[in-house]
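Taking it in order: structure first as structure tokens, then the write-up.
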Amino acid sequence: MASVGKSLVQTLRRYIKKPWEITGPCADPEYKSALPLAVDYRPFCPATEPAKAIVPTSDPETVFDIKYFSRDQRRNRPPIRRTVLKKDDVVKAMKEKTFDIADFPPVYLTKAVEEDYNACGGGYVNFAVGIKSVCKIRVLKSTPRHGRPQVPDLMHLPAKGARCTRAFTFARFDHFLSCRR
């Protein structure tokens with residue numbers, strides 16, 4: 613029992629010190645309290661301020677320069693011009709607009725194309741796409757391009773009532789079909 617009391621007293625001595633043994637900033641003779649005094653906190657009464665507050669007005673001598681960042685170049689740009697188009701304006705502009713052939717890109721196939729009537733089926737071949745749809749593909753001969761010999765090409769021509777989802781425009785004939793006479 614005596615040893616328990618002795619250890620308790622030693623623990624209390626470790627944490628509780630005499631005032632003259634306390635070290636730290638408040639023990640220094642030049643210590644200044646961080647808490648402000650009433651005179652520092654409120655130097656004058658709110659009803660008796662020494663000077664009137666300056667309120668910005670539209671007078672040139674009292675207008676403040678309120679730029680947030682004077683060197684921020686993003687704020688120096690002119691505002692973005694936005695145009696709201698109404699239907700009447702668009703219709704009027706389209707009536708005034710004239711189109712020239714030079715405004716459009718050139719046609720892909722610029723050379724003459726002759727039909728190959730010596731092909732299987734007189735130039736037409738039925739090509740099954742899926743189960744329900746059949747496309748007619750017309751075999752064409754084109755003039756030589758870039759110094760290459762003539763290669764039969766395919767032109768995609770859907771049969772009447774057929775719904776073709778695949779496009780074989782200008783695909784190589786010898787890659788897709790093999791005809792028998």
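Quick note on my numbering: the sequence shown kicks off at 613 and runs consecutively. Ideal Cβ placement from N, Cα and C applies to all residues, glycine included.
Cβ neighbours of residue i in the same chain (closer than 8 angstroms, five flanking residues each side left out)
i: residue 716; result: none
i: residue 657; result: none
i: residue 643; result: 637
i: residue 714; result: none
Cutoff 6 angstroms; reference residue i; Cβ partners in own chain excluding five residues on either side
i: residue 763; result: For residue 763, the pLDDT reaches just 46, beneath the cut-off of 50, and the residue's location in the model is therefore unreliable, leaving the point undetermined.
i: residue 772; result: Legend: pLDDT at residue 772 = 45, less than 50; position of this residue unreliable, value from coordinates given subsequently. Excluding positions up to five away in sequence, the list is empty.
i: residue 702; result: none
i: residue 692; result: none
i: residue 613; result: none
Contacts around residue i, its chain only, beta-carbon distance under 7 angstroms, and the 5 residues preceding and following it disregarded
i: residue 633; result: none
i: residue 649; result: none
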